[in-house]
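This note's numbering puts the first residue of the sequence shown at 1053, with every later residue one more than the last. Even glycine gets a Cβ: it sits at the ideal position worked out from N, Cα and C.
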Amino acid sequence: MRARHVVIVGGGISGLASAFFLRDAGVRVTVLEGSPRLGGKLAVSEIAGVAVDSGAEALLVTRPEGISLLSEAGLDDQRVAPGTTAAAIWTRGELRPLPRRQFLGVPADVPELAASGVVSGEGAARAARDLDLPATPRDGDVSVGAYVSSRFGPEVVDRLVDPLLGGVYAGLSAALSFDATMPALSAASRRFPSLAEAAGSLLPPAPGPESPPQKPRQVFTTLAGGLGTLPEKLAKQSGAAIRTGAIVRELARTPSGWRLTIGSAADPELVDADAVIIAVPARPAGRLLAGVPGASAAVTAFGEFEYASMAIVTLAYPRAAFPEDAAGRSGYLVPAVDGHAVKAVTFSTVKWPHLLGDYHMVRCSLGRVGEEPVLQRDDADLASLAAAELAAATGVRGAPASTRVTRWGGALPQYTVGHLDRVARIRAAVAELPGLAVCGAAYDGVGIPACVATAKAAVAQILAGPAFAPSPAFESSPVSGAERHRG
């Protein structure tokens, strides 16, 4: 019997994880990536002689899927723990400590919030009313901004929640879905009248006055060579046939599976597959399914997605130029309401001490929904803007010795109100198409562990399909394949 053929469209982390999970399934796997390189939003390159991530730079360890993938790939010995994850908010004219007892910016300790100075005295007083207000009713999905503002007031949303969500999604809480972006808190908020109490229920207990100092819980990890080295490692270990520069223009059903059309209309290449995993963003996925009978509901839902663009500006400063008081922080966030272009800053060589050499590396993230004009500046202008705002916030001295600008156009899906319904419609439609599955950042989370989880689910869905079921005659026959061949 010939080996079943699975084609994966998309060579980002989701597609490569899918290929990796298929490595022992006894199938032939082909990965088709339209761009010239693998990895999607994972990439690493040198700046000032040091290999530094220019895409995602940290992997969340509080979800098991990401670190399990690293273990299965034999990369445990390459994992690196952060030096610190203590962060700040640059707001109201100062760098202010990010309250520790908060869940994605939603405060669990209002006195700690007031002491931080992130919000004004009036804002802290309004936030304190959450403890006394009756439960806020809601029917169906609502925006994070609307719900949190109803409990704590708008200042907490503007100066704390928006910066946290902006760092993850490059979106604004006024549009982002509470159920999709904060599912655990959304569920907890139905059990507690106070949102602060709901947030607190998801955090470790606060230490008492007599408690010994607690070691900070590890939240992130990375690889010594950068997370951008992970795609090539997965590709190699998967044993899949990897093709870059292979743009899939069309997907069609055949009597025995699927047919993909690659390349130009003038010189098309046809590839047949028993099953296909679509691991590309929503809009390209919708275009691939546009001509597939029975996929119209998924195509419509894919078309409702919005994506945000962003840029990462990496700056290398001589060690003497870096402010000493920055050594205890991993970086800071910036509220959109304060009008700055840079939305988040990571002191990379503080967060990841193994990177520190002659230079301190600083990573500046720019780009929120609606701020596309900022990203239209050329590289030199964008780097100058980031350096100027960094100097205003931290007092770093002089110009950077080296800069690198990496642009991520349409990189981050926006989980707007109704997101879970859109995803449910897509999955229901795809489930009716045997031999087809989807995975990626558009569904259950934009982080690496969430993408890996969707990849594992897609692989399980494909292998459970009819194309991979053993033949009843073959399965029930007591005669071996070799004996049957001789007969």
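By the DSSP assignment, the beta strand (DSSP E) with residue i in it spans what residues?
i	result
Gly1462	Ser1454 to Pro1465
Phe1272	Phe1272 to Leu1275
Leu1312	Gly1309 to Ile1314
Phe1354	Per DSSP, Phe1354 belongs to no beta strand (DSSP E); it is in the alpha helix (DSSP H), Ser1348 to Gly1355.
Val1504	Not the beta strand (DSSP E): Val1504 falls in the alpha helix (DSSP H), residues Ile1500 to Leu1515.
Leu1367	Tyr1359 to Pro1370
Gly1383	Gly1383 to Leu1385
Ala1139	Ala1139 to Thr1143
Ile1299	Where Ile1299 is concerned, there is no enclosing beta strand (DSSP E), given that its DSSP letter is neither H nor E.
Can residue i and residue j be called in contact, C-beta distance under 8 Å?
i	j	result
Leu1279	Ala1108	yes
Leu1434	Ser1361	no
Arg1459	Ala1363	yes
Val1400	Val1104	As written in the sequence, residue 1400 is Ser, which differs from the Val given in the question. In this structure, Val1104 lies closer than 8 Å to Ser1400 by Cβ.
Val1196	Leu1228	yes
Tyr1359	Gly1462	yes
Leu1418	Asp1231	no
Val1079	Gly1063	no
Asp1326	Ala1519	yes
Thr1114	Val1271	yes
Pro1206	Gly1157	no
Leu1515	Ala1077	yes
Ala1494	Pro1333	yes
Ala1258	Arg1153	yes
Gly1118	Pro1501	yes
Leu1094	Leu1282	yes
Ile1225	Val1209	With the sequence shown as reference, residue 1225 is identified as Ser, and Ile is not the correct amino acid for it. Yes, the pair counts as a contact, with Cβ atoms nearer than the cut-off.
Ile1099	Ser1454	yes
Glu1484	Gly1346	yes
Ala1378	Thr1446	yes
Ala1438	Val1365	yes
Val1061	Met1413	no
Ala1125	Leu1286	yes
Ala1110	Arg1381	no
Measure the beta-carbon distance from residue i to residue j and round it to whole angstroms, keeping in mind my assumption that it falls under 8 Å.
i	j	result
Val1328	Val1059	5 Å
Ala1393	Glu1441	6 Å
Arg1305	Val1344	6 Å
Ala1353	Arg1477	4 Å
Ser1120	Thr1506	Going by Cβ atoms, the distance from Ser1120 to Thr1506 rounds to 14 Å, so no, they are not a contact pair.
Val1081	Leu1074	5 Å
Gly1487	Ala1331	Not quite, the Cβ-Cβ distance comes to about 15 Å (not below 8 Å), so this is no contact.
Val1096	Thr1273	Between Thr1273 and Val1096 the Cβ distance is about 15 Å, and since that is not below 8 Å, they are no contact.
Gly1470	Asp1193	6 Å
Tyr1411	Thr1233	At roughly 35 Å, the Cβ-Cβ gap does not stay under 8 Å, so Tyr1411 and Thr1233 are not in contact.
Residues in the same chain with beta-carbon distance under 7 Å from residue i, minus the five sequence neighbours each way, listed in chain order, please.
i	result
Ala1236	Leu1254
Leu1165	Pro1151, Pro1159, Val1171, Ala1176 and Ala1179
Arg1203	Asp1182, Leu1185, Thr1188 and Leu1247
Arg1054	none
Ser1241	Leu1247 and Ala1250
Ser1168	Arg1148, Pro1149 and Pro1151
Gly1499	Leu1112
Phe1526	Residue placement at Phe1526 is poorly supported in this model, since its pLDDT is 38, which falls under 50; the coordinates still yield a value, given next. Cβ within range, chain order: n/a, list empty.
Starting from residue i, trace the alpha helix (DSSP H) both ways and give me its first and last residue.
i	result
Pro1256	From DSSP, Pro1256 is part of no alpha helix (DSSP H); its letter is neither H nor E.
Lys1285	Leu1282 to Ser1290
His1471	His1471 to Ala1483
Thr1431	What sits at residue 1431 in the sequence shown is Asp, not Thr. Asp1431 to Thr1446 is the extent of the alpha helix (DSSP H) around Asp1431.
Leu1340	Ala1334 to Leu1341
Phe1230	Phe1230 to Thr1233
Ser1201	Val1196 to Phe1204
Asp1324	Per DSSP, Asp1324 belongs to no alpha helix (DSSP H); it is in the beta strand (DSSP E), Glu1321 to Ala1325.
Glu1146	Premise fails: Glu1146 lies in the beta strand (DSSP E), Glu1146 to Pro1149, not in any alpha helix (DSSP H).
Ala1166	Val1162 to Ser1168
Val1079	Careful: Val1079 lies outside any alpha helix (DSSP H) and carries neither H nor E.
Apart from the five residues just before and just after residue i, which ones in its own chain have a Cβ nearer than 6 Å to its Cβ?
i	result
Ser1529	Since pLDDT at Ser1529 reaches only 37, below the 50 mark, its modelled position is unreliable, and the value read off the structure follows with that caveat. Answer for Ser1529: no residue qualifies.
Gln1130	Leu1275 and Ala1276
Phe1244	Ala1250
Ser1474	Per the sequence shown, residue 1474 should be read as Arg rather than Ser. Only Ala1353 and Glu1356 meet the Cβ criterion.
Thr1398	Gly1383 and Arg1415
Gly1252	Ala1160
Arg1295	Leu1084
If you drop the 5 nearest sequence neighbours on each side, which residues of the same chain put their C-beta closer than 8 Å to that of residue i?
i	result
Ala1298	Leu1084, Glu1085, Gly1086, Ile1314 and Gly1315
Val1162	Ala1176, Ala1179, Ala1180, Asp1182, Leu1183 and Ala1248
Ala1396	Pro1215, Gly1218, Gly1219, Gly1383, Tyr1384, Leu1385, Val1386, Cys1416 and Ser1417
Ser1348	Ala1481
Glu1284	Leu1090 and Gly1091
Legend entry - Contact between the segment 1443 to 1450 and the segment 1365 to 1378 (3+ Cβ pairs under 8 Å): Inter-segment contact for the segment 1443 to 1450 and the segment 1365 to 1378 is present: three or more beta-carbon pairs are separated by less than 8 Å.
Legend entry - Three CB pairs or more closer than 8 Å across the segment 1060 to 1070 and the segment 1497 to 1513: These segments touch.
Inset, instruction - Report yes or no: do three or more beta-carbon pairs, one from the segment 1387 to 1401 and one from the segment 1134 to 1145, lie closer than 8 Å? - result: Counting Cβ pairs under 8 Å, three or more are found: they touch.
Inset, instruction - Mind the definition here: the segment 1326 to 1341 touches the segment 1401 to 1408 only if three or more C-beta pairs lie below 8 Å; say whether that holds. - result: Short answer: they don't touch.
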